[in-house]
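Participant: Throughout the sequence shown, residue numbering follows UniProt numbering, covering 1 to 389 in sequence. Ideal placement from N, C-alpha and C gives every residue a C-beta, glycine not left out. All values derive from a computational prediction rather than experimental measurement.
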Amino acid sequence: MMADGVVKKLSKDVVNNITLKLPVKSLLRFKCVSQFWYAYIQSWAFIILHRNCASSVNDEIILFKRSFKEEHDHFKSIMSFLSSGHDINDFHHVSPDLEVPYLTNTTSCTSHRFIGPCHGIIVLTDKVTTVLFNPATRNYRLLKPSPFGSPLGFHRSINGIAFGFDSIANEYKIVRLAEIRGEPPFYCYTVREWRVEVYELSIDSWREVENVDQQLPYVHWYPCAELFYKGTSHWFGSTNTVVILGFDMSTETFRNIKMPNTCHFKDRKCYGLVVLNESLTLICYPYPGCEIDPAIDFMEIWIMKEYGVNDSWNKEYTIVPRAIESPLAIWKNHLLLLQSITGHLISYNLNSDEIKEFNLHGWPKSLRVKSYKESLTLIPKESEFNTAQ
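Written out as structure tokens, the structure is:
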């Protein structure tokens with residue numbers, strides 16, 4: 001084509017300078033123009049350059065996922081793409097909604113994990129079914145199940161799930177923490193051992209980490225409690241106290257990070273992990289459904305000023321208590337997004353204390369939110385989403 005001939009006469013730097021500034025949607029159209037553009041945009045070198053360029057500008061959107069009951073125990077999950085535009089306290093749709101496949105029962109709707117993003121990829125799983133997808137390209141992949149079971153007379157319980165990138169091996173990994181316990185009625189009392197399962201995307205294969213040489217804490221799940229940060233996945237765990245359990249994706253080793261001294265499970269508290277001002281941030285909030293004592297049941301936001309240094313926790317915000325289901329995310333470093341007990345999206349402005357309820361809702365406990373930057377990152381053996389009707 002004539003256009004290809006013109007492009008080939010331009011220097012690589014000029015072509016990059018133009019294409020690296022284009023949004024993913026435009027680049028996907030370019031892939032259909034010719035073989036030259038398809039190969040150019042599909043190359044890992046360009047994908048990485050485009051991702052790094054996008055990371056340097058303020059172009060985040062919100063992924064908002066919620067579910068609706070259709071009939072009996074069947075649910076439909078919808079993902080919306082939102083932005084605040086010039087009004088940072090309000091949201092509008094920037095792309096058509098997508099219907100999320102596979103996860104359609106009650107447990108999948110209310111207790112699923114919405115993990116990531118990592119380089120533009122998100123993981124959605126209910127422990128049995130795992131979907132890996134890139135919302136920007138509308139492509140996804142249903143992963144094959146883990147092949148690992150448990151010895152006769154024991155039960156394998158998946159408590160923690162994570163997704164991240166091993167920068168040394170250049171590999172995307174999904175990690176699952178499994179407890180091998182006695183079958184009922186002794187299920188709660190006999191932990192035989194801990195197992196760590198790792199899925200590697202490039203080879204489409206599961207394996208177990210050998211020589212897990214420490215007793216892992218029991219991992220607790222909340223809607224905003226699994227975070228990949230600085231090459232490490234994080235969960236909340238408890239032994240004789242509550243800790244943040246970290247798993248290094250490259251070395252595949254664990255570490256415990258102490259919580260602030262005021263954080264205890266016995267105080268009817270739940271926890272969330274987010275990134276605020278580029279720092280690991282802890283959200284401590286009253287357990288949903290409990291009667292709130294306005295004198296003591298505050299929501300607290302703690303920032304770890306120096307990652308991994310236990311004494312560097314600093315309480316940044318104390319918020320007057322209110323009945324919520326859970327925090328979901330912090331948008332633009334000032335807007336705390338939460339889901340109400342009735343399934344509505346609400347916000348709390350950390351600067352002005354303003355509270356707002358949006359006309360965005362779903363089945364109670366089904367709401368999930370992620371701050372998201374578009375990426376061309378490829379998913380091998382991918383399928384394509386359908387736009388929600």
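Which same chain residues, not among the five before or five after L27, have their C-beta less than 6 Å away from its C-beta?
Facilitator: Sequence index remark: in the sequence shown, residue 27 carries index 27 (1-based). If we look at L27 and ignore the five residues flanking it on each side, its Cβ neighbours are I41.
Participant: With a threshold of 16 other CB atoms inside 10 Å of the CB of N170, please say whether the residue is buried or exposed.
Facilitator: Indexing the sequence shown from 1 puts residue 170 at position 170. Under this definition N170 is an exposed residue.
Participant: How close, in whole Å, do the beta carbons of C118 and F228 come, if the pair is a contact with beta carbons under 8 Å?
Facilitator: The count along the sequence shown starts at 1 and reaches residue 118 at position 118. The count along the sequence shown starts at 1 and reaches residue 228 at position 228. The pair is a contact, with the Cβ atoms about 6 Å apart (cut-off 8 Å).
Participant: At what residue ranges does the region 190–224 contain a whole run of the beta strand (DSSP E), taking only runs of 3 or more?
Facilitator: 191–200, 205–208 and 218–220
Participant: Rounded to the nearest angstrom, what separates H267 and G237 at their Cα positions?
Facilitator: For the purposes of this step, residue 267 is taken as residue 267 along the sequence shown, with counting starting at 1. For the purposes of this step, residue 237 is taken as residue 237 along the sequence shown, with counting starting at 1. The amino acid at residue 267 is misidentified as His; the sequence shows Asp. Roughly 15 Å between the two C-alpha positions.
Participant: Over the uninterrupted alpha helix (DSSP H) stretch that includes A323, give me the two end residues.
Facilitator: On the sequence shown, position 323 is the one that residue 323 refers to. Unbroken run through A323: none, as it is neither H nor E.
Participant: What residues are listed by DSSP as bridge partners for R268?
Facilitator: Within the sequence shown, the letter at position 268 stands for residue 268. DSSP lists no partner for R268.
Participant: Can the beta-carbon of V212 be found less than 8 Å from the beta-carbon of V198?
Facilitator: Locating residue 212 in the sequence shown gives position 212, where the first residue counts as 1. Locating residue 198 in the sequence shown gives position 198, where the first residue counts as 1. No, the pair does not count as a contact, with Cβ atoms beyond the cut-off.
Participant: Within 10 angstroms of its Cβ, does H74 collect 16 or more other Cβ (buried), or is it exposed?
Facilitator: On the sequence shown, residue 74 is found 74 positions in, with the first residue counted as 1. Taking all protein chains shown into account, H74 has fewer than 16 neighbouring C-beta atoms within 10 Å of its C-beta and is therefore exposed.
Participant: Buried or exposed for L276, please, with buried defined as at least 16 other CB atoms from any protein chain shown within 10 angstroms of its CB.
Facilitator: As a first step, residue 276 is located in the sequence shown; it is residue number 276 there, counting from the start. With 16 or more Cβ atoms within 10 Å of its Cβ, L276 is classed as buried.
Participant: Within this structure, are the beta carbons of H92 and G85 separated by less than 8 Å?
Facilitator: The residue you call residue 92 lines up with position 92 of the sequence shown. The residue you call residue 85 lines up with position 85 of the sequence shown. Remark: C-beta atoms of H92 and G85 approach each other more closely than 8 Å.
Participant: Apart from the five residues on each side of it in sequence, which residues of its chain come closer than 8 Å, Cβ to Cβ, to A225?
Facilitator: Counting from one through the sequence shown, the residue named residue 225 turns up at place 225. Once the five neighbours on either side are set aside, the close Cβ partners of A225 are W235, F236, Y271, G272 and L273.
Participant: Work out the CA separation of G182 and E306 for me, nearest whole Å.
Facilitator: Position 306 of the sequence shown, counted from the first residue, corresponds to residue 306. Position 182 of the sequence shown, counted from the first residue, corresponds to residue 182. Going by the C-alpha atoms only, they are around 40 Å apart.
Participant: Check each candidate in H344, L124, W194 and L22 and name the one with the smallest Cα separation from I180.
Facilitator: The residue labelled residue 180 in the question sits at position 180 within the sequence shown. Cα-wise, what sits closest to I180 is W194.
Participant: Starting from E291, follow its DSSP beta bridges and name the residues at the other end.
Facilitator: Position 291 of the sequence shown holds residue 291. The partner list for E291 (beta bridge, DSSP) is empty, contrary to what the question assumes.
Participant: Using the Cβ count rule (16 or more neighbours within 10 Å means buried), how would you classify A295?
Facilitator: For this step, residue 295 is matched to residue 295 along the sequence shown. It counts as exposed.
Participant: Please tell me whether I341 and E325 are closer than 8 Å, where the distance is taken between their beta carbons.
Facilitator: Taking the sequence shown and counting its residues from 1, one reaches residue 341 at position 341. Taking the sequence shown and counting its residues from 1, one reaches residue 325 at position 325. For I341 and E325, yes; Cβs fall inside 8 Å.
Participant: Does the beta-carbon distance from K373 to D59 come in below 8 Å?
Facilitator: As a working note, residue 373 is residue 373 in the sequence shown. As a working note, residue 59 is residue 59 in the sequence shown. Yes; because the gap between Cβ atoms is below 8 Å, this pair is in contact.
Participant: Buried or exposed: which applies to D353, given that a residue is buried once 16 or more other Cβ atoms fall within 10 Å of its Cβ?
Facilitator: By one-based count along the sequence shown, residue 353 stands at place 353. Exposed is the call here.
Participant: Taking the continuous alpha helix (DSSP H) assigned at L132, which residues delimit it?
Facilitator: For the purposes of this step, residue 132 is identified with residue 132 of the sequence shown, where counting begins at 1. Element bounds for L132: not the alpha helix (DSSP H) but the beta strand (DSSP E), T130 to N134.
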